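Inspection log for the structure reproduced underneath, given as structure tokens.
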Amino acid sequence: MAYKIVGSQCTGCSACEPECPNDAIYEKNGVFFIKPDKCTECIGHFDEAQCVAACPVDLTCIIDTAYPRYQAA
Amino acid sequence: MEAIFENATPNLSRLRPITGIKVEITGQPAASGCETEGGEGKASCGTSDGPDDMSPEVWEKVKNHPCYSEEAHHHYARMHVAVAPACNIQCNYCNRKYDCSNESRPGVVSQKLTPDQAVKKVIAVASEIPQMTVLGIAGPGDALASPDKTFETFRQLQEQAPDIKLCLSTNGLMLPDYVDEIAKYNVDHVTITINMIDAEVGEKIYPWIFYNHKRYYGREAAQILTDRQMLGLEMLTARGILTKINSVLIPGVNDKHLYEVNRAVKSRGAFLHNIMPLISEAEHGTVYGLTGQRGPSAQELKDVQDACMGGANLMRHCRQCRADAVGLLGEDRSDEFTLDQIEQMDVVYDLEKRRAYQETVEAERQAQHNAKHDALAAHAGADDGMKVLVAVATTGGGKVNEHFGHATEFQIFELTAASAMFVGHRRVDLYCQGGEGAEELLPSVVTAINDCHAVLVAKIGACPRDELKAAGIEPVDAYAHEFIEKAALTWFADYRSRVASGETFHIQRGDASIRQGAFMAA
């Protein structure tokens, strides 16, 4: 699985963008998105997903169940 | 803008620095010209060539900074650019889904800017408003949570507009890491928001922080934050960078504690302490708004501010303006400088023209300053301990020159027979709309200045005059277009003689309420 950003929750503050260890986060029209193929859920990098920890609005960065759980290599 | 020069008699050779931070002034001609206000108050010399407690270097930095100097804010303008929207802590008075009322964050209608856009905007505004001397990065968010954007903006501005003073506002969490860079770009003013120095208090204000790739909660978070704030403040002081401390007064949470904060920041070299009222409404969606945490009344705010006098210089003229405001404090011209409009402007940055204009502004300010002191010298009487507050309607220039119905804010002066001290301002809803006084708005004006014995105005209609009288506030239009201190002291002398003769009965006034919501131009 990867994380995704709930568009209606995103304030576009950009707090998450520089924290992502995989450069998976990008901006479009004032809100942010996560590229699921780049997201590693921060496994192997940090104890907690950085986008979740940095985001000022609860339940904005959430697990996207459409993708399989990330497997560390 | 031309109008302010009509009465100016610029004589640049006589320019000299003037007291900017405090407005407690005395005019007793026989005395030395200095006075000590209150038990812990500091001497303030109204007619000296420079403030007693300020070195010439410090004075040079603050004299035309509207956010640091009470007097300068009538003459010089500032602007903020919203380039750093990210934040790394959560405050209970802030909701990032909406405007942040206390930290003056712009709302959804405001534009976030890239550093390039911000620089373009600053240059355009500085060309159009030559008395714009200060550029701040103050949110929404924390300037040092997006250091790349903040410092890129400063780097470009230092090259293209070297005469503009740069400042930034931060919660202090990342401050120790960036003090060197702050010094590198000649940022000479930093504002740190410090609401506590005790984690036990802090955990009631900050639910979490994001630091070193980790979220910290509760008391642990507050401890890290206060440690970093104090370290950052000490590092700034060591480098000679001026620091202003903003504190949000939260009744029942940190009201008693702010005195300790005041002493702690003063001992670490903070230059100015700005204690602001919590703005808290349920519709802001903040934790405090939703849990019913109230803001302070006018009297509660003044009590804490008075208790902190004699610590760091205390700032009383803060308008809690929005982070994208443009213009003089209390006015916002940001609508004139949207990105689309800037694109169409033909901007030439003329350093010499700005310098010449600012010299004229300085001369006007000096003339006004001198007139004020002459007036005080002539009108002050012997202090007998009686103290009252008066509200003043003014459009600037230090005079009683605003119609009651046109006022969107009143300046509040504390009077004794011997002194008139500016102690703050109260925003109100515009009473007179489209020529008609709106009856239902008068009560809100009355509650905003309910602790005042009189309101000094240039003019006032019959209806509000009667209503104010009924509420026990004397409407006074006898001193229209006179200098505020002179008008106030003359009125107070008259009031006291009426009390002495039994014509007027002197009673204590009640408390007043503080209008909610960030400042926006009417």
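Protein sequence lines, in the order shown, are assigned to chains A and B. Count along the first sequence from 1, then add 1; that gives the number in the working numbering. Count along the second sequence from 1, then add 7; that gives the number in the working numbering. All C-beta atoms, glycine included, are put in the ideal place defined by N, C-alpha and C. None of these values were measured; they are calculated from a predicted model.
Quick one: is residue i near chain A, going by C-beta distance under 7 angstroms?
i      : result
A125/B : no
F217/B : yes
A93/B  : yes
R103/B : yes
H291/B : no
H87/B  : no
S111/B : Reliability of the predicted coordinates at S111/B is poor, the pLDDT of 40 falling under 50, and no value is obtained from them.
R433/B : no
G40/B  : Confidence in G40/B is poor, its pLDDT being 27 and thus under 50, which makes the residue's placement too unreliable to answer from.
If I follow the unbroken beta strand (DSSP E) through residue i, where does it start and stop?
i      : result
H280/B : 279-284
K5/A   : 3-6
N269/B : It is not in any beta strand (DSSP E) - N269/B instead sits in the alpha helix (DSSP H) that spans 265-274.
I521/B : Careful: I521/B lies outside any beta strand (DSSP E) and carries neither H nor E.
C52/A  : From DSSP, C52/A is part of no beta strand (DSSP E) but of the alpha helix (DSSP H) over 51-55.
R433/B : 427-434
P482/B : 481-483
Y218/B : 215-218
G143/B : 139-144
P414/B : Here residue 414/B turns out to be Ala, not Pro, going by the sequence shown. No beta strand (DSSP E) holds A414/B; DSSP gives it neither H nor E.
E20/A  : Here E20/A belongs to no beta strand (DSSP E), and DSSP marks it neither H nor E.
For residue i, would you say it is in contact with chain B, using Cβ-to-Cβ distances shorter than 7 angstroms as the test?
i     : result
P57/A : yes
C21/A : no
S9/A  : no
C14/A : yes
Just curious, the alpha helix (DSSP H) that residue i is in, first and last residue?
i      : result
V90/B  : Per DSSP, V90/B belongs to no alpha helix (DSSP H) and is neither H nor E.
I130/B : 122-135
Y364/B : 358-386
S504/B : 491-508
S176/B : S176/B -> not in any alpha helix (DSSP H); beta strand (DSSP E) instead, spanning 172-177.
S254/B : S254/B -> not in any alpha helix (DSSP H); beta strand (DSSP E) instead, spanning 249-256.
A469/B : 469-477
R226/B : 225-245
D313/B : 305-315
L449/B : 449-455
T511/B : Neither: T511/B is in no alpha helix (DSSP H) and is coded neither H nor E.
Q10/A  : Note, Q10/A: premise wrong, no alpha helix (DSSP H); not H, not E.
E166/B : 154-167
T1/A   : Not covered by the structure: residue 1/A. The range shown for chain A is 2 to 74.
D295/B : According to the sequence as given, residue 295/B is Tyr; it is not Asp. Where Y295/B is concerned, the enclosing alpha helix (DSSP H) stretches over 294-298.
E188/B : 182-191
K5/B   : Limits of chain B in this structure are 8 at one end and 529 at the other, which puts residue 5/B out of reach.
V65/B  : 63-69
I349/B : 346-351
A206/B : 206-209
Contact check, residue i vs residue j under 8 angstroms by CB: the rounded distance?
i      : j      : result
H432/B : I419/B : 6 angstroms
A494/B : L463/B : 6 angstroms
V531/B : L164/B : Outside the shown range of chain B, which is 8 to 529, sits residue 531/B, and nothing can be said about it.
N269/B : C315/B : 4 angstroms
R246/B : V186/B : 6 angstroms
V90/B  : A131/B : So it is not a contact: roughly 15 angstroms between Cβ atoms.
E421/B : K394/B : 6 angstroms
Y4/A   : I64/A  : 6 angstroms
D149/B : N95/B  : 6 angstroms
Report task. Please list the residues of the region 141-170 of chain B that have a C-beta atom closer than 9 angstroms to any C-beta atom in chain A, keeping them in chain order. Result -> With the criterion set as a beta carbon lying under 9 angstroms from some beta carbon of chain A, the members of the region 141-170 of chain B are P147, G148, A152, S153, D155, K156, in sequence order.
**Report entry** Contact list for the region 36-55 of chain A against chain B, Cβ threshold 8 angstroms
**Finding:** Under the 8 angstroms Cβ criterion, the region 36-55 of chain A contributes F47, D48, E49, Q51, A54, A55.
Query raised in the report: Do the region 143-150 of chain B and the region 165-178 of chain B meet, that is, are 3 or more Cβ pairs less than 8 angstroms apart?
Result: Touching, yes, given that three or more Cβ pairs across the two stretches are closer than 8 angstroms.
Query raised in the report: Going along the chain, which residues of the region 216-248 of chain B sit with their C-beta nearer than 8 angstroms to a C-beta in chain A?
Result: Considering only beta carbons, the part of the region 216-248 of chain B lying closer than 8 angstroms to chain A consists of F217, H220, K221, R222, in chain order.
**Report entry** the region 9-23 of chain A touching the region 50-67 of chain A, judged by at least three CB pairs closer than 8 angstroms
**Finding:** Enough Cβ pairs lie closer than 8 angstroms, so yes.
Query raised in the report: Do the region 243-258 of chain B and the region 302-318 of chain B make contact, defined as three or more Cβ pairs closer than 8 angstroms?
Result: Flag = yes, the region 243-258 of chain B and the region 302-318 of chain B touch.
Report task. Inspect the CB distances between the region 226-237 of chain B and the region 197-207 of chain B and report whether three or more fall short of 8 angstroms. Result -> Result yes; three or more Cβ-Cβ pairs closer than 8 angstroms.
Query raised in the report: Touching or not, the region 206-220 of chain B and the region 272-279 of chain B, by the rule of three or more beta carbon pairs under 8 angstroms?
Result: With a cut-off of 8 angstroms, the region 272-279 of chain B and the region 206-220 of chain B do not count as touching, because too few Cβ pairs lie within range.
Query raised in the report: Of all the residues that make up the region 472-499 of chain B, which are near chain A by a beta-carbon distance shorter than 7 angstroms?
Result: From the region 472-499 of chain B, no residue has a Cβ closer than 7 angstroms to chain A.
Query raised in the report: Can we say the region 489-504 of chain B touches the region 452-471 of chain B, given the rule of at least three CB pairs closer than 8 angstroms?
Result: With the rule of 3 Cβ pairs closer than 8 angstroms, the region 489-504 of chain B counts as touching the region 452-471 of chain B.
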